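Chains as they are written, first to last, in my numbering: chain A, 1 to 176; chain B, 1 to 161. From the three backbone atoms N, C-alpha and C, an ideal C-beta is built for every residue, glycine too. Since the model is a prediction, treat every value here as computed from it, not as a measurement. Before any comments, here is the structure.
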Amino acid sequence: MKLLKRYRFFLITVIVTVIITIVNQSFGIRAMGVVGYSFMEMIVIIPPIFILLGLLDIWIPREIMMKYMGEDSGVKGIILAILIGSAAAGPLYGAFPVAAVFMKKGVKFTNVLIFIGAWSTTKIPMFLFEMTSLGAGFAITRLLVNIPGIIIIAYVLSTLISTDEIKEIYKNAENL
Amino acid sequence: MSKYLLHVITIFLLLISYYKDSKKTRMALKKAWKAFENILPEFLGVIMLVGILLSLVNPEFISSIVGEKSGWLGVILSAIVGAVTLIPGFVAFPTAALLLKSGAGYMQIGAFISTLMMVGVVTAPVEIKYFGKKLTVARNIMAFFFSFLVAYIIGKVVGGI
Numbered sequence: 001m002k003l004l005k006r007y008r009f010f011l012i013t014v015i016v017t018v019i020i021t022i023v024n025q026s027f028g029i030r031a032m033g034v035v036g037y038s039f040m041e042m043i044v045i046i047p048p049i050f051i052l053l054g055l056l057d058i059w060i061p062r063e064i065m066m067k068y069m070g071e072d073s074g075v076k077g078i079i080l081a082i083l084i085g086s087a088a089a090g091p092l093y094g095a096f097p098v099a100a101v102f103m104k105k106g107v108k109f110t111n112v113l114i115f116i117g118a119w120s121t122t123k124i125p126m127f128l129f130e131m132t133s134l135g136a137g138f139a140i141t142r143l144l145v146n147i148p149g150i151i152i153i154a155y156v157l158s159t160l161i162s163t164d165e166i167k168e169i170y171k172n173a174e175n176l
Numbered sequence: 001m002s003k004y005l006l007h008v009i010t011i012f013l014l015l016i017s018y019y020k021d022s023k024k025t026r027m028a029l030k031k032a033w034k035a036f037e038n039i040l041p042e043f044l045g046v047i048m049l050v051g052i053l054l055s056l057v058n059p060e061f062i063s064s065i066v067g068e069k070s071g072w073l074g075v076i077l078s079a080i081v082g083a084v085t086l087i088p089g090f091v092a093f094p095t096a097a098l099l100l101k102s103g104a105g106y107m108q109i110g111a112f113i114s115t116l117m118m119v120g121v122v123t124a125p126v127e128i129k130y131f132g133k134k135l136t137v138a139r140n141i142m143a144f145f146f147s148f149l150v151a152y153i154i155g156k157v158v159g160g161i
């Protein structure tokens with residue numbers, strides 16, 4: 001029963017896909033093609049991310065993470081958050097479990113948010129690909145607007161949310 | 001090749017870890033599995049949702065709303081399409097390039113690419129599980145509006161409007 005509850009959202013989407021396929025076969029087939037593709041992406045890209053965060057969790061002491069990315073890490077922490085986020089691979093949903101480990105290790109909240117922002121939009125492999133498809137002007141302009149953008153968004157977000165709520169999010173990360 | 005760089009690094013680090021302390025390594029793998037298993041239902045749901053959405057929103061549909069003359073309405077629509085879909089970069093960028101060739105505006109494509117990457121409506125269930133509803137909603141709304149600034153600047157700088 002608990003399992004059913006956990007997979008409720010997934011089961012609903014499966015049912016919707018089945019209904020779509022019955023109503024319009026070509027839409028259904030297209031949906032399944034995308035699902036197959038995304039599923040393969042998940043199988044290929046997600047395991048190393050989780051293994052790396054398992055290793056990070058075990059080997060990197062909290063003090064080190066706090067020193068480099070914690071409350072008093074200043075500009076160093078911001079730069080590290082951008083660099084780690086940008087070096088990442090994989091879809092945005094892969095960033096959240098990593099963010100959870102960061103929070104467990106005492107990384108400053110704004111740095112966690114900057115990391116999420118960087119992962120979402122300044123990933124280096126994607127940047128190179130963007131340059132070749134859409135041109136250097138497009139890619140570089142976007143990057144230059146995005147870097148200050150994700151930092152500002154992170155700071156504004158952290159003011160929108162109370163200290164208690166941040167504590168709650170950190171506590172939640174402990175159990176994930 | 002670069003696609004598997006992360007795998008090579010992971011295997012390398014895993015081997016070092018195992019060499020140094022096999023017990024700790026097993027613990028790390030156990031933690032990795034637990035973290036993965038914990039979020040797996042949301043991952044699977046998101047993947048299905050992406051499939052459903054992309055079957056409805058296809059390149060023809062996108063190109064019909066992002067023409068150069070579509071103006072701010074086109075920018076808004078492109079931003080919405082980018083926000084609700086999740087297309088991997090190496091599909092999105094060539095598609096965007098194709099759309100530009102077939103007459104889409106830079107501002108519209110800028111909005112589409114920006115929200116595509118920064119705003120995740122379909123990935124929200126995963127985000128909520130880690131960050132809660134309030135922060136997830138706030139982050140996505142801010143990223144959505146920020147994308148208009150990105151679009152405007154790209155339109156100015158690259159499109160020369």
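Where residue i falls: helix, strand or coil (DSSP)
i, result
"B/Gly132", "helix"
"B/Met1", "Low confidence applies here, because B/Met1 scores a pLDDT of 48, under 50, leaving its location unreliable; read the following figure in that light. Looking at B/Met1 - three-state DSSP - the assignment turns out to be coil, as it is neither helix nor strand."
"B/Tyr152", "helix"
"A/Asn175", "coil"
"B/Asp21", "coil"
"A/Glu168", "helix"
"A/Ser73", "coil"
"A/Val34", "helix"
"B/Ile87", "coil"
For residue i, the residue or residues it bridges with in DSSP
i, result
"B/Gly67", "B/Ala104"
Within-9 Å CB hit, residue i to chain A
i, result
"B/Ala104", "no"
"B/Phe93", "yes"
"B/Leu15", "no"
"B/Met107", "no"
"B/Val157", "yes"
"B/Ala96", "yes"
"B/Ala111", "no"
"B/Ile154", "yes"
"B/Met1", "Caution is warranted here: a pLDDT of 48 is assigned to B/Met1, below 50, making its placement in the model unreliable, and no coordinate value can be reported."
"B/Val121", "no"
"B/Ile62", "no"
"B/Ser114", "yes"
Integer Cβ distance of residue i from residue j, believed to fall under 8 Å
i, j, result
"B/Val50", "B/Val137", "So it is not a contact: roughly 20 Å between Cβ atoms."
"B/Leu99", "B/Ser63", "5 Å"
Residue-chain proximity (residue i, chain B), Cβ-Cβ < 9 Å
i, result
"A/Ala81", "no"
"A/Asn111", "no"
"A/Phe50", "yes"
"A/Glu168", "yes"
"A/Ser86", "no"
"A/Val107", "no"
"A/Asp57", "yes"
"A/Val23", "no"
Contact list for the region 32-52 of chain B against chain A, Cβ threshold 9 Å: Ala32, Trp33, Lys34, Ala35, Phe36, Asn38, Ile39, Leu40, Pro41, Glu42, Phe43, Leu44, Gly45, Val46, Ile47, Met48, Leu49, Val50, Gly51 and Ile52
Interface residues of the region 128-145 of chain B facing chain A [CB-CB below 9 Å]: Lys129, Tyr130, Phe131, Gly132, Lys134, Leu135, Ala138, Arg139, Met142 and Ala143
Members of the region 66-85 of chain B that neighbour chain A once the beta carbon cut-off is set at 9 Å: none
Members of the region 26-49 of chain A that neighbour chain B once the beta carbon cut-off is set at 9 Å: Ser26, Phe27, Gly28, Ile29, Arg30, Ala31, Met32, Gly33, Val34, Val35, Gly36, Tyr37, Ser38, Phe39, Glu41, Met42, Val44, Ile45, Ile46, Pro47, Pro48 and Ile49
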